[in-house]
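Participant: One structure coming up, written as C-alpha cells, with questions to follow.
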Amino acid sequence: MALERTFSMIKPDATRRNLTGAITRMLEEAGLRVIASRRVWMSRREAEGFYAVHKERPFFGELVDSMSSGPTIVQVLEGENAIARNREVMGATNPANAAEDTIRKVHALSIGENSVHGSDAPETAAQEIKYWFSDTEIVG
Ligand code: RTP
Ligand code: MG
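Numbering (full-length UniProt numbering), first residue to last: 1 to 140.
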C-alpha cells in the first residue's frame with residue numbers, strides 16, 4: 001500500500017502538561033513519521049474555521065474555547081494507512097472508552113480535553129493539511 005498523509009494536532013490540554021514529546025513518540029512508535037510540525041496558539045476564528053463541520057453541535061462553543069486556550073502542535077504525519085493508523089493510536093474520542101495503550105487512554109482528561117485530533121478520512125485529511133500548511137512546509 002502506498003504512503004498516506006494525515007493531519008494531527010496535539011491539543012492545548014496536552015501541551016499545557018508538557019506532553020508534546022511523549023505524544024509524538026507514541027505516534028512515531030505507531031509507524032507514523034512527522035513530515036511537518038508547527039506550534040500555534042490558534043485564534044477563536046481559526047478554531048471556528050477548523051471545526052466548522054461541528055458548528056451546529058451543542059459542544060461547539062466549548063470546543064472552540066478549549067482549542068484556543070493555549071498552544072497546539074499542528075502536524076502532518078506520513079505512513080502506510082496513516083489515517084486509520086493514527087485514529088487507532090489516538091483511541092476513542094471519550095477517553096473512558098479508549099483502548100489500553102492509546103494516546104487518549106494514557107493521557108486524555110475528558111471528552112473535551114482529549115489531547116489529540118486526527119483526520120477521519122482522505123478528504124478531511126487533505127482539507128485539514130491545507131488549512132494549516134503550505135506545500136513548501138511539508139518535507140516528506
Ligand atoms: P477530533 O476531531 O478532535 O480528532 O476528535 P474525534 O474525531 O474523535 O471526535 P469528533 O466527533 O470529531 O469531535 C471533535 C471534538 O469535539 C469534542 N467533543 N466534545 N462534549 C461532547 O460531547 C463532545 N463531543 C465531542 C472532542 O474534544 C472531540 O475530539
Ligand atoms: Mg473528528
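The C-beta atom is built at its ideal place from N, Cα and C for all residues, glycine as well.
(1) By the three-class DSSP mapping on this structure, what secondary structure does R16 have?
(2) Please output, in chain order, the residues near ligand 2 using a CB cut-off of less than 7 Å to any non-hydrogen atom of the ligand.
(3) Cβ of T93 within 6 Å of any heavy atom in ligand 1?
(4) So, with DSSP's three-state summary, where would you put F7?
(5) What three-state label does DSSP hand E113 in the structure shown?
(6) Pull the bridge partners of G70 from the DSSP assignment, please.
(7) With respect to 6 Å, is the separation between the Cβ of G49 and the closest non-hydrogen atom of ligand 1 below this value?
(8) Compare the C-alpha of G140 against each of V106, V34, N18, N86 and name the closest.
(9) What is the DSSP secondary structure of E80, counted as helix, strand or coil?
(10) Would you say the beta carbon of V7 is closer than 6 Å to some non-hydrogen atom of ligand 1?
(11) D13: buried (16+ other C-beta within 10 angstroms of its C-beta) or exposed?
(12) So what does DSSP say about G61, is it helix, strand or coil?
(13) Taking 6 Å as the cut-off, is the CB of L27 close to at least one heavy atom of ligand 4?
(14) Quick one: using the 10 Å Cβ neighbour count with 16 as the cut-off for buried, is K55 buried or exposed?
Facilitator: Here's the rundown:
(1) helix
(2) Proximity to ligand 2 was defined by a C-beta distance below 7 Å to any of its heavy atoms, and the residues meeting it, in sequence along the chain, are H117, D120.
(3) yes
(4) strand
(5) coil
(6) In the DSSP output, where bridge partners are listed per residue, G70 has none listed.
(7) no
(8) Check the Cα spacing between G140 and each of V106, V34, N18, N86: the tightest is with V34.
(9) strand
(10) The identity of residue 7 in the sequence shown is Phe, whereas the question assumes Val. F7 Cβ: outside cutoff for every heavy atom of ligand 1.
(11) buried
(12) helix
(13) Summarising the ligand content, the structure contains ligand 1 and ligand 2 and does not contain ligand 4.
(14) Exposed is the call here.
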